[in-house]
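Participant:
In our numbering, the protein residues as written are 8 to 1034.
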């Protein structure tokens, strides 16, 4: 395989470097992990700017991201192969298979009885402190499991089992001494070495009990109400019992058997109105329920009803009349918030308590009831007869919470009176400004409000304002004024008004005089000037017209005033009456027009940015399509066409305008063609641009002649410009971007296979997604050695086309060799009791053994007792892939069955030698202490100390050379010692009771010397005479 590396250094504004290709291979921390075991997947030499993703389940979707991840394959009971795909920036670049070993299934079963199994929860609910838990092996992988460990969770040592000691056809047991929870850890180990643990929870207990004691009265309570409920009947409940306390079904406390208090104390902060107990038995009430529960069952105690009222919030609303005068009717409305439980059968909830009203003063003299009752009415109407301040109290009486009072006051006032001592109708010939005082006489008035119309021409004086009782007002303009006073109190509001008329200087209104061009003649009339005498007749008019044909005039409406010279002029007027003179002045200008000088008409191209425009005199204004705010013409803004541009100079009557024509020619429409992406080995690219006849501009002339050759330009990004100029001298250009990309960098490792039947998977290329070709290639991933060129070196090619459409290929060498000759050795016969042996006679070394009884697959250690009796096929395999070759031997494990030593026996120490019996089948031999002749089974107890001895009976099979044995116990008893003690003298009336002091005796024979005997161990004997 040959790798070509190109190094390219580029400079200039139009060029840049392409990023290096990222790595696309990864390593696995364990190529053959166990199911559910964490595996680390790591990208080889990751690039920092690459986003790596992983498809872990073969569905084509990214499951995790990162250059290194940790993953636990799903728990499966069968060996499973997963194709793990690595993604670079969202594109799959390599796939690698990972074979996940099967997991064992650690599972137990419970035979029918008092113990039950639900999932991983085990319950025994008979309440016994001591219980034997019986289980059997329920593993789904029983035949594939190598061994088990069980941690029983009670502090006892962990036990180890195999399929013979923990089987699926018989049970094992463990004794628990105590009630409560135990956590059992069952671990199974697969023959492939994988282990998995299942955790079971065992609960030994019984149905719990619980009780609640009623604390006393539970109705008629007022919030907040605190009650204490003693908890009873819990002392004998088993550990693991949980207590849940709820109020109307909502949990408020949880306890265990260890932290359960003697009483449950709870404060009810809200009322029980509209609440229903969890039992459904009571409305407007609470219940307190305690539930004692454990895995076996539960018990419940409930106290109900608990009725709680909330303290009322007393309040009433005053609905006043329009005025607080004697004789007016006031309404008082109960607006209290009430949540009261009325106990009964059934109980009810009310939101209203009938109030009791009290009013200060004397009924009949100070006030009277219009409607309602002071005792129970929610609305009462009261007429107050006398002025004064009255206090109204409303009292609510709650059956549960007691008495509550709410108070407010009302004020009753006399009607007011008001008058002013001066009414000014006319102040004679006096002129403004004038100050007028107002002296007010009033009774019972609490507020004043003066109003004057019109709102201008006057002001309050002397610190007074519109709320003063007797204000002073200065009038500064002549005219008629309406004066209004509003005065009142809580009872009523009244008014007083007057009108005054005052004189002032004349009022004038002159329309503005416009500017004119060349000359003008002024004429005044009621259309352009108006006069107002303002209370006093006008006495004189005086006009002034400096610079005109009429210097001055004294009439109201002068005419024929001529201005024939340019300049600025002033017109003034003074008008006088008995109260003074009013003046008005205005100005205007007589203007002369200017001569304009403009540039000639012009032509421009549409892509020119700005054309400056100049004209004489300066200071005028250009207008028209395309004119900018600075007075320049912008062809790019308007496009092709003919446009009239106007220059304006002057203002007012002497504004002068002239225009010129601007012709904007269109620019040629240029298309350099679409951008291109080409491969380094592509042929030269012909550049087709429109319109023809233009010129290509490129760095270094790489596009000369209208072609672009990527092999001349090398790798990089290139911007080419196509330039066109038309007959009007208008030019345009367009650019074309060409990216020259390199060929994909390929790598496929050489490999070797055996020249043997069977398809093999070709090496994983980098990147993946290409095509293998050559003799023996099947599809695109498999290789059949038998279709190749035969043993020896075979050359294949791998070709790949990347996302840019660039293709490359690489060769790989496959060495095909003959498969190895594998021999497992000769068949064998072994006795069951022979013990572990190391298999021999196999070749070549370095393979692995598999089959029943194989303890070490690498060394070939075989244990007959583990395999069991019968014929077993043991397989030896060597190599891997399609070079994996297997051979099998048969091992016969001979198991002699049915040997029995018979039942246990016992003899006395002084007994003569005896022949042992019970051994079967006949023909065996005996061994053990006390055996004098093993062939005949002669046993002599005289040489032994008292005790129990194991005697073994062995059968020998001459055909196989195998033996089978069984043992039984032989107990050798010591000789008994007879001894007793009696009193030296025994009275005739008393029965004789000897004290038995015999040793090692099991039966007794007493002789009392008077012909009486007894077999009791402790006899009593009554003698009939003296001896």
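Cβ atoms here follow ideal geometry from the backbone N, Cα and C, with glycine treated the same way.
Can you round the beta-carbon distance between residue 872 and residue 839 to whole angstroms, since I take them to be within the 8 Å contact cut?
Facilitator: Against the chain shown, residue 872 aligns to sequence position 865. Against the chain shown, residue 839 aligns to sequence position 832. About 6 Å separates the two Cβ atoms, so the contact holds.
Participant: Quick one, are the C-beta atoms of residue 656 and residue 633 less than 7 Å apart?
Facilitator: Along the chain shown, read from residue 1 onward, the residue named residue 656 stands at position 649. Along the chain shown, read from residue 1 onward, the residue named residue 633 stands at position 626. No.
Participant: Got a sec? Which residues, its chain only, sit under 8 Å from residue 229 by beta carbon, not counting five neighbours each side?
Facilitator: Looking up residue 229 in the chain shown gives position 222. The residues are 315, 316, 317, 318, 405, 407, 408 and 409.
Participant: Which of helix, strand or coil does DSSP assign to residue 720?
Facilitator: To locate residue 720, count along the chain shown from 1; it is residue 713. Here residue 720 sits in helix by DSSP.
Participant: State the start and end residues of the unbroken alpha helix (DSSP H) segment that holds residue 642.
Facilitator: The residue labelled residue 642 in the question sits at position 635 within the chain shown. 642-645 is the span of the alpha helix (DSSP H), which, as asked, contains residue 642.
Participant: Buried or exposed: which applies to residue 454, given that a residue is buried once 16 or more other Cβ atoms fall within 10 Å of its Cβ?
Facilitator: Taking the first residue of the chain shown as 1, we reach residue 454 at position 447. Answer is exposed; the Cβ neighbour count stays below 16.
Participant: Tell me, please, which residues DSSP counts as bridged to residue 545.
Facilitator: By 1-based counting over the chain shown, the position of residue 545 is 538. Looking at the DSSP assignment, residue 545 forms a beta bridge with 584.
Participant: Do you know offhand how far residue 911's Cα is from residue 989's?
Facilitator: The residue given as residue 911 occupies position 904 in the chain shown. The residue given as residue 989 occupies position 982 in the chain shown. Their backbone Cα atoms lie some 39 Å apart in a straight line.
Participant: Measure how close the beta-carbons of residue 207 and residue 261 come, nearest whole angstrom, since I'm counting them as under 8 Å.
Facilitator: Translated into positions along the chain shown, residue 207 becomes position 200. Translated into positions along the chain shown, residue 261 becomes position 254. Contact doesn't hold; Cβ gap of about 25 Å is too wide.
Participant: Are the CB atoms of residue 973 and residue 895 nearer to each other than 7 Å?
Facilitator: Position 966 of the chain shown holds residue 973. Position 888 of the chain shown holds residue 895. No, Cβ-Cβ distance for residue 973 and residue 895 is not below 7 Å.
Participant: When you compare each of 387, 283, 143 and 187 to residue 171 by their alpha carbons, which one comes out closest?
Facilitator: Locating residue 171 in the chain shown gives position 164, where the first residue counts as 1. Residue 171 has its Cα closest to that of 143, out of 387, 283, 143 and 187.
Participant: Could you tell me how far apart the beta carbons of residue 96 and residue 44 are, in whole angstroms, since I believe they sit closer than 8 Å?
Facilitator: Sequence index remark: in the chain shown, residue 96 carries index 89 (1-based). Sequence index remark: in the chain shown, residue 44 carries index 37 (1-based). Contact flag wrong, Cβ pair sits at about 30 Å.
Participant: With 16 as the cutoff for other CB atoms within 10 Å, does residue 36 come out buried or exposed?
Facilitator: Against the chain shown, residue 36 aligns to sequence position 29. Residue 36 is exposed by the Cβ-count criterion.
Participant: Consult DSSP for residue 312 and reduce its assignment to one of helix, strand or coil.
Facilitator: Locating residue 312 in the chain shown gives position 305, where the first residue counts as 1. Strand, per DSSP.
Participant: Please classify residue 63 as buried or exposed, where buried requires at least 16 neighbouring CB atoms within 10 angstroms.
Facilitator: As a first step, residue 63 must be located in the chain shown, where it is residue number 56. Looking at its Cβ environment, which holds 16 or more other Cβ atoms inside 10 Å, residue 63 is buried.
Participant: So what does DSSP say about residue 19, is it helix, strand or coil?
Facilitator: The count along the chain shown starts at 1 and reaches residue 19 at position 12. Since pLDDT at residue 19 reaches only 30, below the 50 mark, its modelled position is unreliable, and no value is offered.
Participant: Can you give me the Cβ contacts of residue 684 inside the same chain, cut-off strictly under 7 Å, excluding the 5 residues immediately before and after it?
Facilitator: By 1-based counting over the chain shown, the position of residue 684 is 677. Answer for residue 684: 746, 748 and 811, listed in chain order.
Participant: Enumerate in chain order the residues of its own chain whose CB-to-CB distance from residue 361 is below 6 Å, with the five nearest sequence positions on each side excluded.
Facilitator: Position 354 of the chain shown holds residue 361. Correct list, in chain order: 383.
Participant: Taking the C-alpha atoms as reference points, what is the distance between residue 522 and residue 509?
Facilitator: Position 515 of the chain shown, counting from 1, holds the residue named residue 522. Position 502 of the chain shown, counting from 1, holds the residue named residue 509. Rounded to whole angstroms, residue 522 to residue 509 spans 40 Å at the Cα level.
Participant: At 3 residues or longer, what runs of the beta strand (DSSP E) sit wholly inside the stretch 780-817?
Facilitator: With a minimum length of 3 residues, the continuous beta strand (DSSP E) runs that stay inside the stretch 780-817 are 799-808.
Participant: DSSP has residue 191 in a bridge; who is on the other side?
Facilitator: Indexing the chain shown from 1 puts residue 191 at position 184. Its beta-bridge partners are 207.
Participant: When you compare each of 707, 691, 687 and 734 to residue 722 by their alpha carbons, which one comes out closest?
Facilitator: The residue labelled residue 722 in the question sits at position 715 within the chain shown. If we check each option's Cα against that of residue 722, 687 comes out closest.
Participant: Which value, in whole angstroms, describes the spacing of the CA atoms of residue 500 and residue 387?
Facilitator: Locating residue 500 in the chain shown gives position 493, where the first residue counts as 1. Locating residue 387 in the chain shown gives position 380, where the first residue counts as 1. The alpha-carbon atoms of residue 500 and residue 387 are separated by roughly 27 Å.
Participant: Which term fits residue 987, buried or exposed, when burial requires 16 or more other beta carbons within 10 angstroms of its beta carbon?
Facilitator: For this step, residue 987 is matched to residue 980 along the chain shown. Looking at its Cβ environment, which holds fewer than 16 other Cβ atoms inside 10 Å, residue 987 is exposed.
Participant: Considering only residues of the same chain and omitting the five flanking positions on each side of residue 653, which have a CB-CB separation below 6 Å?
Facilitator: In the chain shown, the residue the question calls residue 653 occupies position 646. Correct list, in chain order: 630, 631, 664 and 666.
Participant: Could you say which of 236, 235 and 299 lies nearest to residue 263 if we only look at CA atoms?
Facilitator: For this step, residue 263 is matched to residue 256 along the chain shown. Closest option to residue 263, Cα to Cα, is 299.
Participant: Taking the alpha helix (DSSP H) that residue 873 falls in, what are its first and last residues?
Facilitator: Taking the chain shown and counting its residues from 1, the one referred to as residue 873 is at position 866. That run of the alpha helix (DSSP H) goes 871-874.
Participant: Between the C-alpha atoms of residue 28 and residue 90, what's the straight-line distance to the nearest angstrom?
Facilitator: Within the chain shown, residue 28 is the residue found at index 21, counting from 1. Within the chain shown, residue 90 is the residue found at index 83, counting from 1. Residue confidence is low: residue 28 scores 39 on pLDDT, short of 50, so the model does not pin down where it sits. Its coordinate-derived value is still stated next. Their backbone Cα atoms lie some 24 Å apart in a straight line.
Participant: Among residues of its own chain, excluding the 5 on either side of residue 483, which ones have a beta-carbon nearer than 8 Å to its beta-carbon?
Facilitator: Sequence index remark: in the chain shown, residue 483 carries index 476 (1-based). The residues are 439, 440, 464, 465 and 466.
Participant: Exposed or buried, residue 130, counting other C-beta atoms within 10 Å across all chains shown (16 or more means buried)?
Facilitator: Taking the chain shown and counting its residues from 1, one reaches residue 130 at position 123. The residue is buried, with at least 16 neighbouring Cβ atoms inside 10 Å.
Participant: Let me confirm a value: residue 926 is counted as buried when at least 16 other C-beta atoms fall within 10 Å, else exposed. Which label applies?
Facilitator: Counted from its first residue, the chain shown places residue 926 at position 919. Burial call: buried.
Participant: Quick check: residue 291 and residue 348, are their CB atoms within less than 7 Å of each other?
Facilitator: The residue given as residue 291 occupies position 284 in the chain shown. The residue given as residue 348 occupies position 341 in the chain shown. Cβ distance < 7 Å, so residue 291 and residue 348 count as in contact.
Participant: Taking 7 Å as the CB-CB cut-off, is residue 371 touching chain B?
Facilitator: Any reference to chain B falls outside this structure, which holds one protein chain only.
Participant: Nearest by alpha-carbon distance to residue 599: which of 571, 609, 606 and 590 is it?
Facilitator: As a first step, residue 599 must be located in the chain shown, where it is residue number 592. Taking only the C-alpha atoms, the option nearest residue 599 is 571.
Participant: Quick check: what's the CA-CA separation for residue 343 versus residue 322?
Facilitator: For the purposes of this step, residue 343 is taken as the residue at position 336 of the chain shown. For the purposes of this step, residue 322 is taken as the residue at position 315 of the chain shown. Cα-Cα distance, rounded: 5 Å.
Participant: Considering only the alpha carbon of each residue, which of 39, 54, 103 and 73 lies closest to residue 65?
Facilitator: Within the chain shown, the letter at position 58 stands for residue 65. Nearest C-alpha to residue 65: 103.
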